[in-house]
Amino acid sequence: MEKKQINPQENAWWFIIAKDQIVLQPQGNFIPYGCLDDLPFPDGVADNAVKIADYQASPCYLVFLQEQSDVGLGEYSPLRFLLGRVDDGLFDVAGRAFQVSLFYETHQYCGKCGNEMHVINWETAMKCYHCQHRCYPRISPCIIVGIRKEKEILLAMHHRHMKNNNPVYTVLAGFVEAGETLESCVEREVYEESRIKVKNIEYVTSQPWPFPHSLMMGFLAEYDSGKIKIDKNELAEADWYHVDNLPVLPNHGTLARKLINKMVEQCRE
Ligand SMILES: [Zn+2]
0 MEKKQINPQE NAWWFIIAKD QIVLQPQGNF IPYGCLDDLP FPDGVADNAV KIADYQASPC
60 YLVFLQEQSD VGLGEYSPLR FLLGRVDDGL FDVAGRAFQV SLFYETHQYC GKCGNEMHVI
120 NWETAMKCYH CQHRCYPRIS PCIIVGIRKE KEILLAMHHR HMKNNNPVYT VLAGFVEAGE
180 TLESCVEREV YEESRIKVKN IEYVTSQPWP FPHSLMMGFL AEYDSGKIKI DKNELAEADW
240 YHVDNLPVLP NHGTLARKLI NKMVEQCRE
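When you line the sequence shown up against numbering that gives the first Met the number 0, it's residues 0 to 268, in that order.
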């Protein structure tokens, strides 16, 4: 992370975050864009801006505020508003802005000795100058896995989706535990949630999921043995669905949907 002087004439993207919301403009790419000299920032607002990325050859600055004060550039909105409305690259920078701002907010004091922490400027970290303890933004690894049995796919509905009239059916997912490999996490999560065993676990791709700090790692696996018996605390229902007769699926652009599409392709090969 760079904290060097901002060039006031250089166009940049501005990720202004306060109280879990981001300043968005009503149209275009939503994220405010322009040079410091031309933007109507009140005095002092941009003083603590930190560069978090580059996007389309322009720097991206995070401005983290304690209160949702008017910065003259738009309205505060939830991050989820941007999902599917901007391209993946810009969404990932917005997600990074959220994760870094959450990190600053939750690491103001040293977890080891209780003294104040300070943002350091050569990497994305905070440091306690009293005991030298250093912290990095929290990232929670999470596996998500599509499971196939010949021409059928295992799909589950979560309790939180049941409230909708048109509940979404999706693949299984869960957080990686300390000391666990990704592959054993896949086996454990699938078994805990559905009591089935899987084989031929294969990594596909990943997606940062900043709600609030997950890193989703997508896998495909094949059914090995067992009969579905769901963990009722986690799931409302789960079953095998033939690829020609699938229920309502997660939105395009989600990793879950990518995995499902890949299994559908494989079934039709
Ligand atoms: Zn300390």
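Backbone N, C-alpha and C define an ideal beta-carbon position, used for all residues, glycine too.
From a predicted model like this one, the values you see are computed outputs, not experimental measurements.
Relative to the C-alpha of residue i, which candidate in the options has its C-alpha closest?
{"i": "residue 247", "options": "161, 92, 182, 106", "result": "161"}
{"i": "residue 148", "options": "61, 241, 165", "result": "241"}
{"i": "residue 211", "options": "98, 255, 226, 253", "result": "98"}
{"i": "residue 309", "options": "39, 8, 238, 140", "result": "What is shown of the chain runs 0 to 268, which leaves residue 309 out entirely."}
{"i": "residue 198", "options": "94, 267, 187, 22", "result": "187"}
{"i": "residue 189", "options": "134, 30, 228, 256", "result": "228"}
{"i": "residue 150", "options": "25, 17, 30, 267", "result": "267"}
{"i": "residue 249", "options": "50, 42, 83", "result": "83"}
Please check the pair residue i and residue j, which I expect to be a contact at CB under 8 Å, by giving their CB distance rounded to whole angstroms.
{"i": "residue 224", "j": "residue 196", "result": "5 Å"}
{"i": "residue 171", "j": "residue 216", "result": "Their Cβ separation, rounded to whole angstroms, is 13 Å, which puts residue 171 and residue 216 out of contact at 8 Å."}
{"i": "residue 110", "j": "residue 258", "result": "So it is not a contact: roughly 36 Å between Cβ atoms."}
{"i": "residue 157", "j": "residue 235", "result": "6 Å"}
For residue i, collect the residues of the same chain with a Cβ closer than 8 Å to its Cβ; drop the 5 residues on either side in sequence, then sort them by chain order.
{"i": "residue 10", "result": "32, 33, 34, 57"}
{"i": "residue 274", "result": "Any answer about residue 274 is impossible in this case: the structure gives the chain only from 0 up to 268."}
Please determine whether the Cβ atom of residue i lies at a distance below 7 Å from any heavy atom of ligand 3.
{"i": "residue 134", "result": "In the structure on display, ligand 3 does not appear, and the ligands it does have are ligand 1."}
What does residue i pair with, by DSSP beta-bridge criteria?
{"i": "residue 147", "result": "152, 221"}
{"i": "residue 14", "result": "61"}
{"i": "residue 237", "result": "155"}
{"i": "residue 206", "result": "215"}
{"i": "residue 8", "result": "DSSP lists no partner for residue 8."}
{"i": "residue 140", "result": "214"}
{"i": "residue 197", "result": "222"}
Using C-beta distances below 7 Å, list every residue in its chain close to residue i, excluding the 5 sequence neighbours before and after it, in chain order.
{"i": "residue 244", "result": "none"}
{"i": "residue 137", "result": "102, 212"}
{"i": "residue 209", "result": "78, 94, 97, 98"}
{"i": "residue 6", "result": "none"}
{"i": "residue 135", "result": "123, 124"}
{"i": "residue 85", "result": "28, 29"}
What residues in its chain sit with their C-beta under 6 Å from that of residue i, if we drop five residues either side in the sequence?
{"i": "residue 15", "result": "22, 62, 70"}
List, from N- to C-terminal side, the beta strand (DSSP E) runs of 3 residues or more that fit wholly inside the region 67 to 134.
74 to 76
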